[in-house]
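First up is the structure itself, then whatever we jot down about it.
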Amino acid sequence: MIASGECHPRQLWKQLVLIADNPIASSHLLSTDVFVLRSKLRAHAKTGLWDPTIDEWRTRMLYLNTLARSPDWNAIRPLLPHHLYIVNNADHLTFEAASDFIEYLEVAGTPPDRILFDLIIRALSYQGDEEGVKTIIQRATDSGIERSSKMDNWTILSNLRAKNTTEALRQFRDLQNTTNPTVQTYTTVLSHAVRANDFPLMQTLYADMQSRNITPNINIYRSLLLGHMKQNNIPEAQHIFTLIQENGLEIRTDIYNAFMLGLIRLDRLNDAIDAYERMILSGVTPDLRTYGQLISACARKGMIITATRFYRLLISSGLEMGKVNYTIIMDMFSRGGDVEMVRKTMTDMQIVAGYTPDVGCFNILMDAEFRSGNGEGAWEEFERMRGTGVEPNWFTWEILMRGFLESGKVEEAVRVLREVQRLGLSVRNGLMIYFMECLREKEDATAAEQVLSIFQQITPATEQIPYPCYESLALAYLKSHNHTAAHECLLKLLKAGYVGRSLLYNELIASAVHKSNRDPDAAFQYYETMVRDSQRPNAFTISRLIVAYCQSRRNAEPLWNEIKTYDVEVDMYVAATFVFYYSFIRRDFDSAWRVWERYLGENDLFPGGKGLGVGTKEKMEERRRRLECVAGIMLKSCSAHRRMEEFKRVMGVVRREGGRVSEVVSLSIRNMDPELYDALMASEEGVEGKEG
């Protein structure tokens with residue numbers, strides 16, 4: 001009855017449904033036809049025409065296995081249409097629909113058999129309807145069907161799917177105390193433990209199986225393998241292969257796939273490739289998932305040559321690629337920067353395999369255009385996609401906005417964002433942050449303000465704009481020297497319940513003491529708020545605060561003590577600004593010298609120390625310039641305070657470290673940080689001994 005020629009799996013299944021619905025045709029359907037159909041589907045699974053791990057096909061194959069084992073084919077044949085109705089609707093079967101269907105059959109004089117009850121209970125358990133499962137089981141037992149271990153298993157599964165783990169484990173413990181749970185029940189609970197990362201429970205269940213002399217099946221070993229891989233326990237995972245062989249089980253392709261996927265997730269791609277080579281040597285045949293995950297992982301790592309090698313192996317294997325595989329190949333070429341091959345692969349998918357490109361395919365093609373620097377081409381593909389009736393998803397909009405931002409076309413990115421706003425869509429936090437960071441880098445505070453306003457309008461009331469968005473806007477204002485707007489932005493983020501980070505407070509302090517503002521009180525207030533909010537000051541903070549002390553003529557000694565409290569490094573900026581403060585504002589040479597010695601100590605520049613150390617020519621030059629900068633300020637201090645002995649000692653350090661003595665006296669912090677230099681100089685006009 002089932003077609004003898006080559007048919008697609010969906011066509012084969014449709015034939016079975018049509019035959020079962022026709023009373024005359026179904027009367028000629030034999031049990032051998034079921035065996036033929038099952039064999040054909042198994043063969044097609046190996047060629048990749050359908051995925052045995054997808055619930056839809058797993059349900060169909062389990063049903064065919066049940067039919068193949070059934071001793072009374074004649075009793076089953078009249079109920080085939082009803083069985084197939086449940087199988088085809090298992091993914092969205094509700095308890096109410098199942099109850100109505102059972103009542104319909106009972107009224108029609110064809111009460112459900114055990115197989116039909118099992119199908120209904122299984123469908124409800126996979127949807128997590130624990131109450132529905134209990135009710136249908138009760139209905140089955142009331143109709144004279146004996147309660148089976150399968151029903152117990154599905155009761156536990158329904159609770160696990162409903163995230164009612166406590167109740168599921170209680171039911172499992174009850175089974176342990178009354179009867180021996182079956183290996184299928186252990187499989188259900190153990191696989192859940194692995195998915196939930198409950199590895200102690202995984203080990204306990206496996207030990208309990210061993211104590212009860214229950215032989216694990218291949219699915220138990222697969223779950224154990226995944227559990228060990230999640231814990232980065234490679235030796236134990238490899239030991240699973242030995243246990244499988246010792247128990248006379250076949251190491252299937254999906255076992256190797258699970259092992260390789262675990263290695264990929266642990267960022268051990270080379271080990272995953274080695275596992276593939278061992279798989280080939282052991283005679284296990286790779287499937288579409290094998291090649292798919294290796295191609296995808298290699299492409300994401302930038303290993304395009306290796307990814308292409310697996311692609312060629314896939315082509316030569318004769319496996320018939322599904323839509324997912326074509327998508328993976330397109331992504332590989334996209335990451336390799338080959339737009340034409342992305343386009344050709346999508347064409348092959350349409351013409352050769354007969355698949356219609358979906359939004360995911362167009363997304364990859366648009367991304368490929370952006371990667372090749374062709375933003376206009378990406379937009380053309382977007383227009384073509386909409387012209388074919390394919391609607392964009394959230395990732396489409398993200399690709400367009402991110403692509404235009406990365407290519408520096410901010411206006412185009414904002415145009416796309418306005419379209420997102422018009423459609424009433426929202427934007428992911430990560431893209432919001434990236435959008436604002438790009439505008440901050442371009443110092444476009446006006447555009448940043450407009451974009452943040454759009455984000456506020458499209459973000460659901462139950463969610464918040466991410467903190468970095470406010471921070472980027474404030475920093476953009478500061479880069480355009482709009483201190484007032486930046487301060488208002490700080491108030492907005494504080495009102496939103498956020499705590500300012502060190503970066504923002506540092507820049508606000510620097511702006512407050514800038515020569516265009518000269519507001520030391522604001523700098524002190526920012527610092528107090530920063531410390532109150534547990535944000536640690538660093539060398540940048542301290543060096544800018546010293547300018548505030550210079551401007552206000554306040555005593556900076558407490559700030560020097562806070563360097564010790566917060567373990568702040570006395571780097572070039574801190575040392576140079578403190579030396580300037582003590583020398584020219586406080587007229588306290590001894591304190592200035594104390595700072596110089598602290599700088600020498602922290603940088604191991606005393607006689608017998610490591611000095612500038614070792615490194616590349618560029619790094620050594622940078623360290624030397626920093627020493628020369630601090631030494632230059634210290635030498636001016638020695639000169640201003642007539643301390644010639646100390647002057648000689650400073651020059652001795654410079655000579656010892658290979659500094660350019662002829663340049664030191666004229667070198668100052670101006671060379672390293674002009675803005676900091678200008679702020680310092682503006683704090684004291686006409687001080688003896690300063691620059692010039």
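Heads up: the sequence shown begins at 1 in the UniProt record's numbering, then just goes up one per residue. Don't be surprised by glycine CBs; every beta carbon is placed ideally from N, CA and C. Bear in mind that the values here come from a model prediction, so they are computed numbers and not experimental data.
| field | Cβ pair residue 539, residue 569 closer than 8 Å | value | Here residue 539 corresponds to residue number 539 of the sequence shown, with the count starting at 1. Here residue 569 corresponds to residue number 569 of the sequence shown, with the count starting at 1. Cβ atoms of residue 539 and residue 569: closer than 8 Å.
| task | Can you tell me the Cβ-Cβ gap for residue 585 and residue 559, rounded? I've got them flagged as a contact below 8 Å. | result | Position 585 of the sequence shown, counted from the start, is the residue given in the question as residue 585. Position 559 of the sequence shown, counted from the start, is the residue given in the question as residue 559. That belief does not hold up - the Cβ atoms of residue 585 and residue 559 are roughly 13 Å apart, past 8 Å.
| query | Hey, quick one: how far does the alpha helix (DSSP H) through residue 529 stretch, first residue to last? | reply | Counting from 1 along the sequence shown, the entry for residue 529 is found at position 529. Here the alpha helix (DSSP H) through residue 529 covers 520-532.
| said: On the CB-based measure, 16 or more other CB atoms within 10 Å of its CB, does residue 281 come out buried or exposed? | reply: By one-based count along the sequence shown, residue 281 stands at place 281. Classification of residue 281: exposed, given that the 10 Å Cβ count is below 16.
| request: Measure the alpha-carbon distance for residue 88 versus residue 108 and round it to whole angstroms. | output: Against the sequence shown, residue 88 aligns to sequence position 88. Against the sequence shown, residue 108 aligns to sequence position 108. Going from the Cα of residue 88 to the Cα of residue 108 covers about 21 Å.
| Does the beta-carbon distance from residue 310 to residue 329 come in below 8 Å? | As a working mapping, residue 310 is identified with position 310 in the sequence shown. As a working mapping, residue 329 is identified with position 329 in the sequence shown. Taking 8 Å as the Cβ cut-off, residue 310 and residue 329 do not qualify as a contacting pair.
| Can you tell which of 344, 351, 435 has its C-alpha closest to the C-alpha of residue 365? | Position 365 of the sequence shown, counted from the start, is the residue given in the question as residue 365. For the residues 344, 351, 435, the minimum Cα distance to residue 365 belongs to 344.
| query | Ordered along the chain, which non-local residues of its own chain (more than five positions away) have a Cβ less than 6 Å from that of residue 508? | reply | The residue labelled residue 508 in the question sits at position 508 within the sequence shown. The residues are 526.
| field | Close Cβ partners of residue 493 (< 6 Å) along its chain, the five nearest in sequence each way excluded | value | Residue mapping note: residue 493 aligns to position 493 of the sequence shown, counting from 1. These residues qualify, in order along the chain: 470.
| field | Coarse secondary structure for residue 460, derived from DSSP in three states | value | Translated into positions along the sequence shown, residue 460 becomes position 460. Of the three classes helix, strand and coil, the one that applies to residue 460 here is coil, per DSSP.
| If we ignore side chains and look at the alpha-carbon of each, how far apart do residue 164 and residue 116 end up? | Position 164 of the sequence shown holds residue 164. Position 116 of the sequence shown holds residue 116. Cα-Cα distance, rounded: 26 Å.
| task | Could you check the C-alpha separation between residue 404 and residue 185 for me, to the nearest Å? | result | Residue mapping note: residue 404 aligns to position 404 of the sequence shown, counting from 1. Residue mapping note: residue 185 aligns to position 185 of the sequence shown, counting from 1. Residue 404 and residue 185: Cα-Cα distance of roughly 53 Å.
| Secondary structure at residue 442, three-state DSSP: helix, strand or coil? | On the sequence shown, residue 442 is found 442 positions in, with the first residue counted as 1. Of the three classes helix, strand and coil, the one that applies to residue 442 here is coil, per DSSP.
| field | Minimum C-alpha distance to residue 112 - residue among 94, 95, 82 | value | The count along the sequence shown starts at 1 and reaches residue 112 at position 112. The shortest C-alpha separation from residue 112 is found at 82.
| query | Can you tell which of 326, 298, 441 has the C-alpha that lies nearest to the C-alpha of residue 348? | reply | Reading the sequence shown from its first residue, position 348 is the one you call residue 348. When only C-alpha atoms are compared, the closest one is 326.
| query | Do you know offhand how far residue 284's Cα is from residue 250's? | reply | Taking the sequence shown and counting its residues from 1, the one referred to as residue 284 is at position 284. Taking the sequence shown and counting its residues from 1, the one referred to as residue 250 is at position 250. In a straight line, the C-alpha of residue 284 is about 10 Å away from that of residue 250.
| said: If distances are taken between C-alpha atoms only, which option among 244, 237, 480 comes closest to residue 261? | reply: Within the sequence shown, the letter at position 261 stands for residue 261. That would be 237, whose Cα lies nearest to the Cα of residue 261.
| residue 537, buried or exposed, once every other Cβ within 10 Å from all chains shown has been counted against 16 | Residue 537 sits at position 537 when you count from the first residue of the sequence shown. Under this definition residue 537 is a buried residue.
| task | Output the distance between the C-alpha atoms of residue 18 and residue 388, rounded to the nearest integer angstrom. | result | As a position in the sequence shown, residue 18 is number 18, starting the count at 1. As a position in the sequence shown, residue 388 is number 388, starting the count at 1. When rounded, the distance between both Cα atoms is 33 Å.
| task | Can you give me the Cβ contacts of residue 246 inside the same chain, cut-off strictly under 8 Å, excluding the 5 residues immediately before and after it? | result | Walking along the sequence shown from the start, residue 246 turns up at place 246. Counting only Cβ-Cβ distances below 8 Å, and skipping sequence neighbours, we find nothing.
| task | Could you tell me which of 233, 459, 40 sits nearest to residue 266, measuring between CA atoms? | result | Counting from one through the sequence shown, the residue named residue 266 turns up at place 266. Its Cα nearest to that of residue 266, the residue 233 stands out among 233, 459, 40.
| request: Can you give me the Cβ contacts of residue 13 inside the same chain, cut-off strictly under 6 Å, excluding the 5 residues immediately before and after it? | output: As a first step, residue 13 must be located in the sequence shown, where it is residue number 13. Result list for residue 13: empty, nothing under 6 Å.
| request: Please report the Cβ distance between residue 410 and residue 439, rounded to the nearest whole angstrom; I am assuming they are in contact, meaning their Cβ atoms lie under 8 Å. | output: Position 410 of the sequence shown holds residue 410. Position 439 of the sequence shown holds residue 439. With a Cβ gap of about 7 Å, residue 410 and residue 439 count as contacting.
| message | Count Cβ pairs between the segment 214-222 and the segment 172-185 that sit closer than 8 Å; are there 3 or more? | response | yes
| task | Can you give me the start and stop residues for the alpha helix (DSSP H) that residue 335 sits inside? | result | Numbered from its first residue, the sequence shown carries residue 335 at position 335. Per DSSP, the unbroken alpha helix (DSSP H) holding residue 335 starts and ends at 323-335.
| request: State the DSSP-derived secondary structure class of residue 548, mapped to helix, strand or coil. | output: What you label residue 548 is simply residue 548 of the sequence shown in a count that begins at 1. It is helical.
| request: Count the CB pairs spanning the segment 156-170 and the segment 130-141 that are closer than 8 Å, and state whether there are at least three. | output: yes
| Could you give the distance in angstroms between the alpha-carbon of residue 338 and the alpha-carbon of residue 361? | Mapped onto the sequence shown, residue 338 falls at position 338. Mapped onto the sequence shown, residue 361 falls at position 361. Computed Cα separation, rounded: 15 Å.
| field | First and last residue of the uninterrupted alpha helix (DSSP H) at residue 199 | value | Along the sequence shown, one-based indexing puts residue 199 at 199. Residues 199-211.
| task | Report the residue from 401, 346, 593 whose alpha carbon sits nearest the alpha carbon of residue 645. | result | Looking up residue 645 in the sequence shown gives position 645. Checking every option, the nearest Cα to that of residue 645 belongs to 593.
| For residue 345, does the three-state DSSP call read helix, strand or coil? | Here the question's residue 345 lines up with position 345 in the sequence shown. The answer is helix: DSSP assigns residue 345 an H, G or I state.
| query | Going by Cα to Cα distance, which pick from 528, 100, 90 is closest to residue 57? | reply | Within the sequence shown, numbered from 1, the residue matching residue 57 stands at position 57. It is 90.
| said: On the DSSP letters alone, give me the boundaries of the alpha helix (DSSP H) that residue 138 sits inside. | reply: Here residue 138 refers to the residue found at position 138 of the sequence shown. Its alpha helix (DSSP H) spans residues 130-142.
| request: Taking all protein chains shown into account, decide if residue 235 is buried (16 or more other Cβ within 10 angstroms of its Cβ) or exposed. | output: Position 235 of the sequence shown, counted from the first residue, corresponds to residue 235. It is exposed - the Cβ of residue 235 has fewer than 16 other Cβ atoms within 10 Å.
| said: Once DSSP output is grouped into helix, strand and coil, what is the label at residue 483? | reply: As a first step, residue 483 is located in the sequence shown; it is residue number 483 there, counting from the start. Residue 483 falls in the helix class under three-state DSSP.
| task | Counting only the same chain and skipping the five closest in sequence on each side, list residues whose C-beta sits under 6 Å from that of residue 520. | result | As a position in the sequence shown, residue 520 is number 520, starting the count at 1. Around residue 520: 548, 551, 552.
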